[in-house]
Amino acid sequence: MTRILTIFTMLGVVVLTACSGNSGTTVTSPSGNIEISFKLNDQGAPVYAIQAMGKTVIDTSSMGFDFRDQPSMAEGFQITGSTLQSFEETWTMPWGEQREVENNYNELVVHLKETEAPNRKLDIYFRAYDDGVGFRYHFPEQSGVDSVIIMDENTEFQLTGDHMAWWIPGDWDIYEHLYNTSKVSEIDAIKLRSNDNLAQTHIPENAVNTPVTMRADDGMHLSFHEANLTDYAGMTLKVVPDELTLVSELVGSDITGYKVKRALPFSTPWRSIQIGEKAGDLIESKLIVNLNEPNKLGDVSWFTPMKYVGIWWEMHLGVSTWDYEGTQDMTTFTEGNASSVKHGATTENAKRYIDFAAENNIKGLLVEGWNTGWDHWIGFEDREGVFDFITPYPDYDLEEVVRYGREKGVELIMHHETSAAPRTYDQQMDTAYALMERLGIHSVKTGYVGKIIPKGEYHHGQWMVNHYRRALEKGAAHQIAINAHEPIKATGLRRTYPNAIAREGLRGQEFNAWASDGGNPPEHLPIVAFTRMLAGPIDFTPGIFDIKLPQKPDNQVNTTLAQQLALYVVIYSPIQMAADLPQNYEGNPALQFIRDVGVDWEQTKVLNGEVGDYVTIAREERETGNWFVGGITDENERSITLSFDFLDDDAEYDAVIYRDAEDAHWDKNPTAIVIEEIDVDAGSEMTIELAEGGGFAISLLKRN
Ligand code: NOJ
Ligand code: CA
Numbered sequence: 043m044t045r046i047l048t049i050f051t052m053l054g055v056v057v058l059t060a061c062s063g064n065s066g067t068t069v070t071s072p073s074g075n076i077e078i079s080f081k082l083n084d085q086g087a088p089v090y091a092i093q094a095m096g097k098t099v100i101d102t103s104s105m106g107f108d109f110r111d112q113p114s115m116a117e118g119f120q121i122t123g124s125t126l127q128s129f130e131e132t133w134t135m136p137w138g139e140q141r142e143v144e145n146n147y148n149e150l151v152v153h154l155k156e157t158e159a160p161n162r163k164l165d166i167y168f169r170a171y172d173d174g175v176g177f178r179y180h181f182p183e184q185s186g187v188d189s190v191i192i193m194d195e196n197t198e199f200q201l202t203g204d205h206m207a208w209w210i211p212g213d214w215d216i217y218e219h220l221y222n223t224s225k226v227s228e229i230d231a232i233k234l235r236s237n238d239n240l241a242q243t244h245i246p247e248n249a250v251n252t253p254v255t256m257r258a259d260d261g262m263h264l265s266f267h268e269a270n271l272t273d274y275a276g277m278t279l280k281v282v283p284d285e286l287t288l289v290s291e292l293v294g295s296d297i298t299g300y301k302v303k304r305a306l307p308f309s310t311p312w313r314s315i316q317i318g319e320k321a322g323d324l325i326e327s328k329l330i331v332n333l334n335e336p337n338k339l340g341d342v343s344w345f346t347p348m349k350y351v352g353i354w355w356e357m358h359l360g361v362s363t364w365d366y367e368g369t370q371d372m373t374t375f376t377e378g379n380a381s382s383v384k385h386g387a388t389t390e391n392a393k394r395y396i397d398f399a400a401e402n403n404i405k406g407l408l409v410e411g412w413n414t415g416w417d418h419w420i421g422f423e424d425r426e427g428v429f430d431f432i433t434p435y436p437d438y439d440l441e442e443v444v445r446y447g448r449e450k451g452v453e454l455i456m457h458h459e460t461s462a463a464p465r466t467y468d469q470q471m472d473t474a475y476a477l478m479e480r481l482g483i484h485s486v487k488t489g490y491v492g493k494i495i496p497k498g499e500y501h502h503g504q505w506m507v508n509h510y511r512r513a514l515e516k517g518a519a520h521q522i523a524i525n526a527h528e529p530i531k532a533t534g535l536r537r538t539y540p541n542a543i544a545r546e547g548l549r550g551q552e553f554n555a556w557a558s559d560g561g562n563p564p565e566h567l568p569i570v571a572f573t574r575m576l577a578g579p580i581d582f583t584p585g586i587f588d589i590k591l592p593q594k595p596d597n598q599v600n601t602t603l604a605q606q607l608a609l610y611v612v613i614y615s616p617i618q619m620a621a622d623l624p625q626n627y628e629g630n631p632a633l634q635f636i637r638d639v640g641v642d643w644e645q646t647k648v649l650n651g652e653v654g655d656y657v658t659i660a661r662e663e664r665e666t667g668n669w670f671v672g673g674i675t676d677e678n679e680r681s682i683t684l685s686f687d688f689l690d691d692d693a694e695y696d697a698v699i700y701r702d703a704e705d706a707h708w709d710k711n712p713t714a715i716v717i718e719e720i721d722v723d724a725g726s727e728m729t730i731e732l733a734e735g736g737g738f739a740i741s742l743l744k745r746n
C-alpha cells in the first residue's frame with residue numbers, strides 16, 4: 043500500500059493509496075467499526091459485502107445494469123485501478139436539527155473495464171462512515187458509448203438474517219401508506235395494492251419504498267435508502283423473501299418503457315445503509331445529508347424557520363371548502379356528498395388566523411383554496427391547464443392579506459396544488475414565483491394529488507424527479523423555499539438546496555380527519571421516527587387539540603393531547619404547523635408549549651427509543667439555549683426515566699412538563715393532561731408515565 047500521497051488541508055482530503063489487480067480491496071470507516079469489501083468474482087462480476095462491529099451485515103451482493111440496445115453490464119470485468127482516500131470536514135446547516143455536522147469518511151473508488159468488447163468502463167465509489175455506508179456508480183466518458191438507456195439497475199443487498207422490518211409498499215406514486223411490521227421473509231407488498239384512501243397508487247412488484255428499517259436478532263439496526271436522487275429514477279427495493287435479498291427496482295414510465303436515460307458521464311444516486319447498534323443511532327446519523335453536495339445556494343437567510351397556522355384543517359374536517367362555490371371539502375371526496383358549506387380562503391378568515399398567530403408567537407399563515415381551479419380537482423381526469431397560481435377567488439384579496447400579515451409580523455405561505463399536472467405548473471412557475479417575490483412571500487406548499495398527467499408517468503420516475511428539481515431551482519432564483527406534498531422522496535438534497543425545507547411523503551395528520559380505516563394508529567409515529575424521518579424534514583402538521591373531531595363522528599386523532607405537543611420536538615421540520623382551528627386552542631393552557639417551542643436547533647439528542655414502540659428526543663434551540671424534550675409511545679403505556687445531563691451544568695431553567703394525566707388514554711380520555719412546573723438541572727433524573735398512545739413535552743427555558 044502506498045502511504046499518504048497528497049494532503050489537501052482545506053477539504054481535509056487525504057489520498058491513502060492507489061492500487062490495481064483483481065484481488066479485491068476494502069475500505070474501513072474512520073473508527074474502524076464498518077468495513078466494505080469489494081472484489082470481482084470468478085466470472086468477473088462486481089460484488090461487495092459489508093461488516094459492522096466485526097459481523098457481516100450485508101453478505102456478498104452483486105451489482106450491474108440492464109440496458110436497451112446494449113448488452114447488460116454484469117460480469118467479464120477487470121479492475122484497472124482503484125484509489126482510497128480519507129475525507130474530514132465540519133459543515134454548517136443554515137437551519138436544521140443541529141448546527142454543525144461532521145462529515146468524516148474513507149472512500150474507495152474502483153475503476154472497472156470489460157475484458158471483451160464492447161470494453162465498457164464503470165467506476166464504483168464506496169464510502170465507509172462510522173454510521174453507515176454509501177455507494178454509487180459512475181459512468182465515465184468513454185469512446186463508443188455516449189448515453190445509456192437503463193432498463194434495470196441490479197444492485198443487491200444480501201441480508202444475513204430474517205430481520206424484523208418496518209416497511210411500506212414499493213409504490214411508484216405515493217408514500218402515504220401505513221407502515222407494516224414483519225419479518226423480511228413475510229413482506230407482501232402486493233396485497234396492499236388496493237387502498238381506498240389514496241387518489242393514486244401503483245405497486246407493480248413485491249417491493250418496499252425507502253427508507254426501510256430493520257432490526258437483526260442481535261440488535262443491530264439497518265436502514266436502506268438513497269441519497270442525492272438527481273436526474274435518475276427513484277429506487278424501490280424488490281424483496282426476494284426466500285433468499286432474504288433486496289434488489290434495486292427503479293421506478294419506470296409506461297410512456298418511455300425505460301427507467302433512466304442519461305448522457306455520459308454521469309453518476310447514479312448513492313445507495314445508502316445507515317447502521318447502528320441502537321435504534322436511536324439511526325436518527326442521530328447524518329449519513330444521508332453527508333452523501334449530498336455542499337450548499338449551492340449560499341445565503342438562504344431570507345427563509346426563517348417558523349411555526350405556522352393555516353386555512354387547512356377546516357377543509358379536511360368538512361367545515362369549509364377549497365373551491366369558491368362551496369362544494370369541495372374533504373368530506374366530498376371521502377363520502378361522496380357535496381356538503382355545501384362555505385369557502386375557507388376569504389380575506390376575513392385569513393385575518394382571523396393572522397390575529398391568532400400574532401398573539402401566539404406563530405410567524406406563518408398557509409392559505410389553501412385561494413386560487414381558481416379547485417372546482418375541477420380530485421376525480422377529474424382533464425386537469426391540465428385548470429389550476430391558476432396567479433388569480434385569487436373574488437372573496438380573497440391576496441395583497442391585503444399580505445399587507446395585514448406584515449403589519450402583524452406574520453408572513454404568508456403560498457399554496458400551489460398542481461393536481462399532479464406538472465406541465466401546467468411548469469408553464470406558470472416563473473410568473474407564479476415572480477408574483478410571490480414581488481409580494482415578499484418566501485415559501486410555498488406545493489401539492490401533487492392524483493395520477494400524474496401524462497398518464498403513465500409516476501411521481502417517483504426520472505421525469506418527475508426532474509420536475510421537482512426544477513421547482514427547487516426556480517424557487518431558489520426567486521428566494522422561495524418549498525414544502526412539497528405528494529413529493530419526490532427526501533434524499534438529503536436539503537444540504538445542496540437549503541430551500542427544500544420540508545415535505546410530506548408519509549401518512550400525515552390529515553388522514554386522521556377522513557381516512558376510512560380509522561386514521562393513523564398510535565404506533566404510526568413511533569415507526570415514522572425511525573423510517574421516513576431518516577430521509578429528512580417532515581411536514582406532519584401536529585397540534586390537534588380537539589382530538590375527538592366532533593365534526594367527524596367516524597374519525598379522530600389516535601393520540602393523547604400530550605403526544606400532540608411532543609411531536610413538535612420528536613418530528614423534525616423547520617416549519618411546524620399549529621394545525622387545529624384557532625377556536626380549539628383558545629383558553630387551553632397547553633397552547634403555551636406551542637408558543638414556546640423552538641423550530642431551529644443547535645443540537646439534537648435521542649435519549650432512548652425502540653422502532654415502533656417509543657422514542658424520546660431532546661433538542662437545544664439556536665440562539666436561546668432553551669431545551670425542549672418530547673417523548674411518544676405506541677398503544678402501550680410505559681414509564682420512562684430521563685436524565686437531564688444534556689443541560690448546561692451552570693445554568694438554571696424554568697421548566698414545565700406537559701404529560702398524560704393518570705387516567706389519560708388515546709381513545710378513552712385523550713385530552714387528560716397535567717401541566718406543571720418542575721425543578722430540574724443537569725443533575726436531575728425523572729420518571730415519566732406515558733399513557734397508551736400518549737407522550738410528554740418539556741420546555742426548559744434558560745434563565746438569563
Ligand atoms: C394533499 C395535501 O397533503 C394536503 O395537505 C392538502 O390540503 C391537499 N392535498 C390540497 O392541496
Ligand atoms: Ca397528502
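Just so we're aligned, residue 43 is where the sequence shown starts under this note's numbering, counting upward by one. Virtual Cβ for every residue (Gly too), placed ideally from N, Cα, C.
Same chain, Cβ closer than 7 Å to A518, neighbours up to 5 away in sequence not counted
L339, Y539 and N541
Three or more C-beta pairs under 8 Å: does that hold for the stretch 314-332 against the stretch 265-282?
yes
What's the call for I543, buried or exposed, on a 16-neighbour Cβ count within 10 Å?
buried
Whole angstroms are fine: how far does the CA of A91 sit from the CA of G174?
13 Å
R169 burial status per 10 Å Cβ neighbour count (16 or more: buried)
buried
Kindly indicate which three-state DSSP category A660 falls into: helix, strand or coil?
strand
On a CA-only basis, which of Q598, F587 and R664 is nearest N630? Give me that one, please.
F587
Taking contact to mean at least 3 C-beta pairs separated by less than 8 Å, is the stretch 492-510 in contact with the stretch 559-567?
no
Taking Cβ to Cβ, would you say K487 is nearer than 8 Å to I404?
no
In angstroms with no decimal places, state the Cα-to-Cα distance between D642 and V612.
13 Å
So, helix, strand or coil for T59, using DSSP?
With a pLDDT of only 46 at T59, under the threshold of 50, the placement of this residue in the model should not be trusted, and no figure is reported.
Any idea what DSSP makes of Y221, helix, strand or coil?
coil
How would you call I432, buried or exposed, if buried means at least 16 neighbouring beta carbons within 10 angstroms?
exposed
Strand pairing of M456, partner residues [DSSP]
V486
So is G447 buried or exposed if we call it buried at 16+ other beta carbons inside 10 Å?
buried
If S295 and E499 are in contact, beta carbons under 8 Å, what's the gap, nearest whole angstrom?
5 Å
Return the first residue and the last residue of the alpha helix (DSSP H) that L481 is part of.
P464 to L481
Run through the stretch 320-360 for me and flag every whole beta strand (DSSP E) of 3 or more residues, listed as ranges in chain order.
348-353
Roughly how many angstroms lie between the CA atoms of I353 and A392, to the nearest whole one?
7 Å
Between H527 and ligand 1, is there a pair consisting of the residue's CB and a ligand heavy atom that are separated by less than 7 Å?
yes
Find out if the Cβ-Cβ distance for the pair S71, N148 is shorter than 8 Å.
yes
Pull up the distance between the alpha-carbon of M193 and that of M728, whole angstroms please.
56 Å
Option in K497, V99 and L623 with minimal Cα separation from G261:
V99
Closest Cβ-Cβ distance between A305 and chain D: below 8 Å?
In the displayed structure, chain D is absent; only one protein chain is listed.
Where does R45 land, buried or exposed, given buried means 16+ other C-beta within 10 angstroms?
Caution applies to R45, whose pLDDT of 32 falls short of 50 and renders its modelled position unreliable; the value that the coordinates give is listed next. Result: exposed.
My assumption, with CB atoms under 8 Å, is that V89 sits in contact with K81. Please give the rounded CB distance.
6 Å
Kindly indicate the opening and closing residues of the beta strand (DSSP E) around G517.
Careful: G517 lies outside any beta strand (DSSP E), inside the alpha helix (DSSP H) at Q504 to A519.
If we call anything under 8 Å between Cβ atoms a contact, is G74 one with Q120?
no
Give the straight-line distance between the Cα atoms of L53 and T134, rounded to the nearest whole angstrom.
Since pLDDT at L53 reaches only 43, below the 50 mark, its modelled position is unreliable, and no value is offered.
So A462 packs on I495, CB below 8 Å; how close in whole Å?
6 Å
Can you check whether the CB of T601 is closer than 8 Å to the CB of W708?
yes
Could you have a look at Q619 and say whether DSSP puts it in helix, strand or coil?
Just to set this straight, residue 619 is Met in the shown sequence, not Gln. Strand.
Is the beta carbon of A739 closer than 8 Å to that of E719?
no
Which same chain residues, not among the five before or five after K280, have their C-beta less than 6 Å away from its C-beta?
E247, A249, V289 and E291
Length of the line joining the Cα atoms of Q370 and D468
25 Å
Sort out for me which residues DSSP pairs M277 with in a bridge.
L292
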